[in-house]
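Have a look at the structure below, then the notes.
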């Protein structure tokens with residue numbers, strides 16, 4: 001059975017996806033043989049069929065399959081499938097944004113400790129761009145809470161409005177070079193909104209702490 005090479009990309013540059021998938025798969029095939037290593041080159045593209053447009057906000061899945069080989073060439077068929085942005089992709093981007101906020105605050109290594117329930121308020125529609133923002137809401141002695149917001153903006157249809165697509169709270173820890181937990185620089189809320197978010201974060205922190213301590217108690 002011929003192996004396939006899967007990949008994922010954001011956007012809709014079909015020719016670039018095709019070339020990347022085909023060349024990578026051809027290179028892997030040629031160097032999997034028991035002979036001198038080589039570099040694959042793309043001499044031509046026989047045909048490209050644009051079966052359906054790919055819209056902004058969709059994810060492209062690229063797969064490649066070898067369909068024919070001669071002594072000096074390899075034919076590779078590349079397929080590009082698109083669909084609405086995946087939940088997993090959004091969650092990954094949200095975690096990355098939260099990590100950036102945490103790293104900037106601590107200026108140390110950081111690690112995700114937990115994720116409060118991710119709320120998907122609305123699906124990300126075709127033709128919308130997403131903006132992911134993060135802000136620190138609370139710090140304890142050894143942890144920090146970051147709120148991450150995902151907003152969707154229309155690109156083409158001006159009659160559509162910006163809307164909140166998802167939100168979540170991430171808890172991060174600060175780590176030393178040796179991987180040990182470090183004290184977290186304390187957040188100092190200034191505005192009334194910041195103070196309100198800080199108290200709400202403190203409530204979530206104490207609730208989670210009590211829940212963990214309850215699980216840690218030995219059963220009778």
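Residue numbers (UniProt numbering): 1 to 220. Each residue gets a CB set at the ideal place from its N, CA and C atoms; glycine is no exception.
Taking only the alpha-carbon atoms, compute the straight-line gap between residue 115 and residue 73 and give it to the nearest angstrom. 49 Å
What residue ranges within the UniProt domain "HotDog ACOT-type" (63-178) form continuous beta strand (DSSP E) runs of no fewer than 3 residues, ordered along the chain? 74-84, 109-115, 128-139, 144-154 and 163-175
What is the rounded straight-line gap between the Cα of residue 127 and the Cα of residue 190? 38 Å
Spatial distance of residue 89 from residue 70 (CA atoms): 39 Å
Sequence-distant residues of the same chain with beta carbon closer than 7 Å to residue 153, five excluded per side: 128, 129, 131 and 162
Report back the beta-carbon spacing between residue 168 and residue 100 to the nearest angstrom; my notes put them in contact at under 8 Å. The pair is not a contact, with the Cβ atoms about 15 Å apart (cut-off 8 Å).
Helix, strand or coil: which one does DSSP assign to residue 206? helix
Please list, in chain order, all residues of the same chain as residue 182 whose beta carbon is under 7 Å from its beta carbon, the five residues on each side excluded. 108, 174, 175 and 176
Span separating the alpha-carbon of residue 139 from that of residue 157: 41 Å
Residue 67 to residue 165, Cα distance in whole Å? 41 Å
At the level of alpha carbons, what is the spacing between residue 143 and residue 92? 20 Å
Taking 8 Å as the threshold (C-beta atoms), are residue 124 and residue 137 in contact? no
Quick check: what's the CA-CA separation for residue 192 versus residue 172? 24 Å
How big is the Cα-Cα spacing for residue 106 and residue 184? 7 Å
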